[in-house]
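Below: the structure, in structure tokens.
Number of protein chains: 2
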Amino acid sequence: MDWIIYCVLAASILALTFAFIFFKQMMKEDEGTDLMKKIAAHVRKGAMAYLKQQYKVVTIVFVVLAVVFFVMSLFDLQNGIVWFAFLTGGFFSGLAGFFGMKTATYASARTANAARKSLNSGLKVAFRSGAVMGLVVVGLALLDVAVWYLVLTKTGLLEAVGAKADLITITTTMLTFGMGASTQALFARVGGGIYTKAADVGADLVGKTEFNIPEDDPRNPATIADNVGDNVGDVAGMGADLYESYAGSILATMALGASAFATAAVEMQTKAVFAPMMIAAVGVLLSIIGIYLVKTKEDAGMKQLLGALSRGTNTAAVLIAAATFGIMYYLFGDSTEFPNMWWQTSLSVVVGLIAGVIIGKATEYYTSQSYKPTQKVAESSKTGPATVIISGLGLGMLSTAIPVVTVGIAIVLAYLCANGFNIEFNAANLSRGLYGIGIAAVGMLSTLGITLATDAYGPIADNAGGNAEMSGLEPEVRKRTDALDALGNTTAATGKGFAIGSAALTALALLASYVEEIKIALVRVGQDLPNGVETAKATLVDFMEAYNVNLMNPIVLVGVFIGAMMAFVFCGMTMNAVGRAAQKMVEEVRRQFSTIKGILEGKAEPDYERCVAISTKGAQQEMLVPSILAILVPIIVGVVLGVPGVMGLLIGGLSTGFVLAVFMANSGGAWDNAKKYVEEGNFGGKGSDNHKATVVGDTVGDPFKDTSGPSLNILIKLMSMVSIVMAGLTATFHLL
Amino acid sequence: MDWIIYCVLAASILALTFAFIFFKQMMKEDEGTDLMKKIAAHVRKGAMAYLKQQYKVVTIVFVVLAVVFFVMSLFDLQNGIVWFAFLTGGFFSGLAGFFGMKTATYASARTANAARKSLNSGLKVAFRSGAVMGLVVVGLALLDVAVWYLVLTKTGLLEAVGAKADLITITTTMLTFGMGASTQALFARVGGGIYTKAADVGADLVGKTEFNIPEDDPRNPATIADNVGDNVGDVAGMGADLYESYAGSILATMALGASAFATAAVEMQTKAVFAPMMIAAVGVLLSIIGIYLVKTKEDAGMKQLLGALSRGTNTAAVLIAAATFGIMYYLFGDSTEFPNMWWQTSLSVVVGLIAGVIIGKATEYYTSQSYKPTQKVAESSKTGPATVIISGLGLGMLSTAIPVVTVGIAIVLAYLCANGFNIEFNAANLSRGLYGIGIAAVGMLSTLGITLATDAYGPIADNAGGNAEMSGLEPEVRKRTDALDALGNTTAATGKGFAIGSAALTALALLASYVEEIKIALVRVGQDLPNGVETAKATLVDFMEAYNVNLMNPIVLVGVFIGAMMAFVFCGMTMNAVGRAAQKMVEEVRRQFSTIKGILEGKAEPDYERCVAISTKGAQQEMLVPSILAILVPIIVGVVLGVPGVMGLLIGGLSTGFVLAVFMANSGGAWDNAKKYVEEGNFGGKGSDNHKATVVGDTVGDPFKDTSGPSLNILIKLMSMVSIVMAGLTATFHLL
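Those protein sequence lines, which keep their order, are chains A and B. If you use this note's numbering, the first sequence corresponds to residues 2 to 737, in order. If you use this note's numbering, the second sequence corresponds to residues 2 to 737, in order.
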């Protein structure tokens with residue numbers, strides 16, 4: 002069976018190899034005129050400077066946390082590997098963002114240059130560069146998972162630090178490197194999100210609204226910062242984010258597999274642990290195939306391009322569904338204990354995939370200007386900015402219905418499929434059902450290699466447009482990059498559906514891992530459950546009864562309240578952070594417009610550097626408090642309210658956070674596209690009062706969809722991860 | 002002991018008598034000039050016409066629901082009194098709104114006229130009129146409670162329909178008239194909220210923003226509709242809303258008392274049922290005393306007036322805290338079984354009162370222009386409407402922290418105080434703890450007679466300002482009414498804190514009543530619990546175990562998700578409703594401005610009636626779907642997911658709804674006052690671009706704070722009430 006883990010290792014190296022090949026291919030393209038090169042270099046320099054600064058701050062946080070974990074291990078509150086596993090998770094997550102961003106900053110000018118030839122050439126360069134990011138993320142994540150698995154099973158490291166080396170301990174220890182990834186991701190999303198939106202909002206408010214100069218105009222001092230922002234927020238932030246989702250879903254499902262089949266034969270348990278890794282490994286192959294399927298004739302129009310992209314992602318999705326049946330048959334087809342498990346678990350994966358598609362389609366329906374909802378937001382501009390905001394908020398709130406109902410049905414179906422359609426609530430059915438929920442999330446994310454490519458190439462095209470504008474290329478080029486960007490928005494909707502849906506499912510899976518970790522902690526200190534049940538023999542259901550984790554327990558309810566609040570407070574903090582940072586940017590841009598003579602006529606060059614510095618400083622200052630809050634609150638709740646409080650907190654944060662995230666993402670997307678719809682010539686077109694009203698909507702939507710909204714997914718999982726890592730503390734000490 | 006219930010009856014009649022006296026006093030005041038009378042008559046006519054129309058629609062809904070309940074009783078799914086009790090709750094709730102509104106429409110011109118004399122005279126008329134509403138609400142609610150209690154205990158009606166006549170059945174049957182009140186309240190809040198904000202937003206968008214004419218200018222065709230709206234939304238809607246909160250908290254606590262002391266002596270149980278009614282009855286007396294304390298010297302300034310109002314509410318609050326100890330000592334002081342109960346339960350009430358004050362102060366801090374947060378929102382107008390929206394949303398989200406933490410601490414403390422500081426989770430501690438949570442809510446609302454007066458007089462002053470403006474009174478009068486309005490906003494903040502806090506606590510109490518009702522339903526059909534425990538002997542904790550209402554059960558989690566979604570979808574629907582109705586109003590106002598010649602010069606009279614008709618029609622069309630959804634979803638969830646699904650739904654709705662409600666109320670309040678802060682001459686003052694930016698914020702805030710936000714409190718409780726009434730169905734039939 003060991004060959005499987007080596008295959009996973011091979012798949013990760015394959016992903017990284019293809020990423021390298023695509024990177025080299027992209028680098029061979031011509032970067033265009035000297036001005037294009039210069040602008041790209043400017044953006045690259047700003048982005049790297051920011052990332053360096055960000056990594057400095059994050060490193061300090063990581064060192065502090067690692068020391069805390071190390072000290073905890075001395076007091077038997079955690080095993081002695083966690084502190085180091087945590088660091089590797091953070092390191093690889095950061096690395097994924099770094100490589101993705103490096104590629105993106107090299108690709109933008111090249112994409113713009115290629116778009117001078119044709120739409121198709123532009124697509125090729127941008128999409129292949131996006132694929133670099135997609136493959137780096139899955140490659141590094143699988144590498145980290147496979148190597149850690151090998152180290153913990155082969156080297157006796159766990160025994161060396163005094164822990165048991167059974168599969169449950171191994172998989173839950175590996176989960177803690179997920180906390181590293183989540184922490185890194187939160188900082189990247191929040192910091193990058195604040196950076197990019199401060200620059201974007203700042204640039205728009207003065208440039209577009211006050212001085213009526215177009216987007217990405219080189220006369221606007223915040224333009225470079227805006228383009229840097231696209232890279233650090235939308236690329237590096239997204240890379241770290243999806244690294245976390247991808248690794249998190251695999252790790253959580255491995256842990257669920259280990260505990261669900263703890264009483265079965267060891268071989269069965271091992272296979273259950275291998276299943277998510279195998280699906281992911283096959284997903285890498287299918288992603289690479291999918292990436293190669295994305296090509297069209299040289300003179301292809303928008304429709305053919307969209308078809309090409311969809312062909313790539315859809316083929317990968319259909320193939321992974323089919324492949325899952327094969328993998329499961331191989332692993333479990335000969336099981337006498339669970340004869341139907343192979344197809345039942347496969348059905349759970351199919352449920353996950355279908356749910357992802359439905360959420361993606363719903364996202365598209367609510368946020369694309371091809372459909373009524375966004376058109377109505379555009380129409381409400383006839384009565385000014387206030388009604389644009391009201392209708393956009395209303396749309397976002399309403400749009401939560403389909404995703405929530407879909408996730409709800411998916412949870413129940415994935416659960417029932419995996420446990421043989423057994424509704425009876427007992428420990429065995431519960432564990433296997435939860436494993437089904439976890440593996441549905443893994444299925445959703447298994448083709449991340451290609452879905453992330455369709456997501457990541459959007460910002461590259463966006464940046465290419467910026468480069469084209471600033472370099473004064475023919476307007477045709479800008480039109481093409483805009484078309485590529487718009488194309489990306491549509492395909493990215495599906496990707497986002499998968500990301501959000503999988504986050505909800507993974508968070509549920511992590512809930513079970515939390516209980517498992519409490520169990521390990523109690524066993525480590527040799528303590529029975531509060532109601533006297535022997536810990537080693539206790540099931541998930543026993544834990545619920547022993548800790549009274551039911552809905553009549555006021556401690557649980559208080560936890561749920563605090564979780565719901567956390568989602569809002571976190572968003573409030575990040576929204577305000579963007580507001581404050583943007584305000585500083587506005588003041589700087591206004592200052593430059595009024596003090597640097599000839600700037601508006603294009604005769605004098607604005608001081609781009611200063612705007613970059615303002616965004617960098619603003620983001621660094623503002624990202625710390627919300628991120629640290631996300632780490633501290635689960636610890637405080639654990640120490641004060643104990644296990645029932647923590648579980649309430651996680652459920653409250655998950656449910657409210659999920660709904661709030663969908664609301665914010667869709668409101669933001671709809672405002673963005675409502676503006677584009679008006680710019681396409683509807684309701685007065687560009688420059689009209691209606692257009693100005695939709696620009697207000699778009700500006701409000703910026704932090705919604707690119708800062709606060711996407712950070713929520715990470716917040717939800719980070720709170721779970723922190724609770725898991727801190728379980729030792731909560732299990733042995735709490736006030737109530 | 003029966004004398005207590007007659008005292009409660011007497012208190013209710015006392016409240017109604019004083020309401021009548023204050024009404025008569027107000028009616029004796031001079032209504033001012035002929036023009037003032039004419040305008041007041043216009044508004045009165047529009048308001049009454051709307052209410053008539055609304056009651057027609059609501060009657061149909063009530064008849065349908067009553068028939069459903071009647072049919073359910075034929076199938077033993079409910080007892081045979083529910084359908085009628087339901088109707089009386091709805092009737093009295095509607096009546097409270099009706100009387101309040103009638104008073105308000107008579108009071109506005111009289112307040113304006115009195116304000117010509119002095120600020121103090123204006124306050125007196127407006128505040129006494131608000132007191133009519135406050136006393137009518139508490140009077141009618143106590144009347145309904147006391148009469149039903151007498152009927153059910155004295156007449157043998159329950160036995161006549163084949164039900165047991167023990168205290169548990171009596172109190173849970175009475176709870177169902179709470180569903181009538183909640184249903185009526187939701188329609189009143191949603192319908193009235195849509196009406197008032199459609200008119201307000203419509204009037205502002207065209208009048209203030211496009212034509213630069215002041216608020217309440219008689220040239221604006223939507224002015225009368227706007228003033229009608231203040232009455233139907235802010236007065237009638239609020240009256241029905243608080244009737245529901247007040248009655249709901251008393252009824253829920255009575256039911257908790259009956260079940261918490263079910264195994265104690267009957268006398269003890271009866272006393273526990275009487276306690277909330279007695280606190281409420283004493284609260285009526287103290288409210289009347291408080292109302293008489295609100296007076297100042299004739300030449301009083303703002304500060305003295307604020308002092309006078311605070312003196313009234315604070316005295317009532319302090320006295321009720323003291324009186325509670327007396328009441329509890331009288332009831333439980335001689336108990337040998339529970340020797341410390343009297344002071345322990347009293348402490349729960351004190352906890353509730355303190356929590357209400359803290360939430361109120363936090364509300365004031367976040368929404369008053371005297372403090373930094375709102376001033377910062379005003380300052381963000383320097384960079385345009387987009388940053389006003391972003392900072393207002395950020396503020397609202399952040400402002401949820403203090404109320405949630407306060408309610409969390411209050412839940413734990415009220416629970417622990419009432420059960421003798423016993424953290425151990427068992428049925429006895431749980432029941433007594435929940436009783437403590439319920440009685441804390443009763444304490445919070447016990448002085449509603451006066452706190453509602455400070456809340457209700459705001460819209461009256463607002464309307465008086467409208468009347469003054471339209472009648473062309475001296476500007477000094479408008480300034481005075483504005484000052485009264487602003488004063489009301491500050492005192493109302495505390496009232497809102499009590500209302501929101503008590504809603505959360507009451508909803509928790511209703512959760513226990515739901516389980517109790519499931520128990521009664523199972524006993525009625527002679528069914529044991531799913532795990533075989535005999536129903537009649539089962540405790541709350543047994544129910545949690547039998548139905549697996551724990552946080553690892555995916556059914557519970559799906560319920561929590563749907564509950565969280567419901568809060569958002571409901572708000573989305575009402576936001577969109579306001580948007581749509583406002584758009585129609587804008588089009589009508591624009592049409593009148595362009596087709597009626599001389600309207601802008603004040604030479605021709607606008608067609609007010611048409612605007613009134615548009616708001617009426619819009620509100621009627623738009624209120625149905627969200628309200629019916631709120632009734633249907635708990636039924637569907639119950640039938641599909643059963644008891645664990647419903648409890649998940651209620652907790653998800655409660656937690657997310659509570660946080661969302663605080664967020665929307667505070668964002669809306671801050672935007673409103675940020676605008677006022679600019680109008681006071683800051684950041685450019687009236688007419689500046691900054692002012693226009695804050696008007697956008699205020700317009701967005703209108704549906705936030707007056708439609709969607711306040712409806713959420715009712716939604717939360719209505720969903721609980723529907724679940725309780727439908728428990729018979731859920732207990733005997735569900736799919737999963």
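Where is the CB? At the ideal position from N, CA and C, for every residue including glycine.
Test item: CB-CB of residue i and residue j under 8 Å
| i | j | result |
| --- | --- | --- |
| G658(A) | L716(A) | yes |
| L509(A) | I412(A) | yes |
| S514(B) | L257(B) | yes |
| V44(A) | N228(A) | yes |
| S13(B) | L96(B) | no |
| T448(B) | A317(B) | yes |
| P711(A) | D242(A) | yes |
| K706(A) | A666(A) | yes |
DSSP three-state assignment for residue i, whether helix, strand or coil
| i | result |
| --- | --- |
| N551(A) | strand |
| Q55(A) | helix |
| A755(A) | Lying outside 2 to 737, the shown extent of chain A, residue 755(A) is not represented and no answer is given. |
| E299(A) | coil |
| Y372(B) | coil |
| P645(A) | helix |
| H43(B) | helix |
| N341(B) | coil |
| I214(B) | coil |
| L417(A) | helix |
| N667(A) | helix |
| I600(B) | coil |
Min CB distance residue i to chain A below 8 Å
| i | result |
| --- | --- |
| V570(B) | yes |
| N551(B) | yes |
| I632(B) | no |
| N221(B) | no |
| F684(B) | no |
| F562(B) | yes |
| V660(B) | yes |
Interface flag, residue i vs chain B, CB-CB below 8 Å
| i | result |
| --- | --- |
| Q79(A) | no |
| M545(A) | yes |
| Q345(A) | no |
| F85(A) | no |
| T695(A) | no |
Quick one: which unbroken alpha helix (DSSP H) runs of 4-plus residues sit fully inside the region 131-194 of chain B? Chain order, please.
Complete alpha helix (DSSP H) runs here, min 4: 158-161.
Hey, which unbroken runs of the alpha helix (DSSP H) at 4 residues or more fall wholly within the region 64-120 of chain B?
If we require 4 residues or more, the alpha helix (DSSP H) runs fully inside the region 64-120 of chain B come out as 83-118.
Just list the alpha helix (DSSP H) runs in the region 455-527 of chain A, keeping only unbroken ones of 4 residues or longer that don't cross its boundaries, in chain order.
Counting only runs of 4 or more residues that sit fully inside the region 455-527 of chain A, the alpha helix (DSSP H) segments are 476-526, in chain order.
3 or more residues per run - each beta strand (DSSP E) lying fully within the region 229-263 of chain B:
As far as the region 229-263 of chain B is concerned, it has no whole beta strand (DSSP E) run of at least 3 residues.
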